[in-house]
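Chemist: Quick note, the working numbering runs 1 ahead of the 1-based positions in the sequence shown.
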Amino acid sequence: LMKLRLLIFFSYICLPAAGGAQSEPTSLEQFLKLVEERAPEIQLERGEVTISERNVERASQFVNPDISVGTWKGKPNNQDWSQTDISILQPIELGGKRSNRIQRAKAEVTLSKSQLALTRADVRRKALLALHRLRQVLY
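Here's what the structure looks like:
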């Protein structure tokens, strides 16, 4: 049962990706690179890095203004009366709020990149361990 699981795992890793022909890995580094490319945990962490990088762009933007419009009509003293009010509110961030927001977003990028490195190391460790176990089972 263990042999079957390991063979299924390695055949999944070594199968060509959908839409592209890819040769089987011939060295350990090629094998580990292929494992890293296909590992769902690494793909998820790469997505988190992309999201955190986009959050830096978003944090760098200024806050949008608020616009409000109000119209009132009436007939006081039998005279037609109407009034229209337009107001624009632009928030002004004081006390370094914007720079703190940008620094926090950059810290989240650093954190997500560190998490990606940890996940990559964990996937490599698991692949090497599985490869070692397969070698023990086959020889």
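Using N, Cα and C, we set each Cβ at its ideal position, and we do this for glycine too.
1. Cutting at 7 Å between CB atoms, please list the residues of its own chain near Gln91, excluding the five before and the five after it.
2. Going by the CB atoms, is the gap between Ser113 and Glu49 shorter than 8 Å?
3. Do Glu94 and Val57 have their beta-carbon atoms positioned less than 8 Å apart in this structure?
4. Select from Ile89, Leu129, Ser53 and Leu139 the residue whose C-alpha is nearest the C-alpha of Leu29.
5. So what does DSSP say about Gln84, is it helix, strand or coil?
6. Going by DSSP in three states, Lys76 sits in which element: helix, strand or coil?
Modeler: With the given structure in hand:
1. The residues are Pro66.
2. In contact: Glu49 and Ser113 (Cβ atoms closer than 8 Å).
3. no
4. Leu129
5. strand
6. coil
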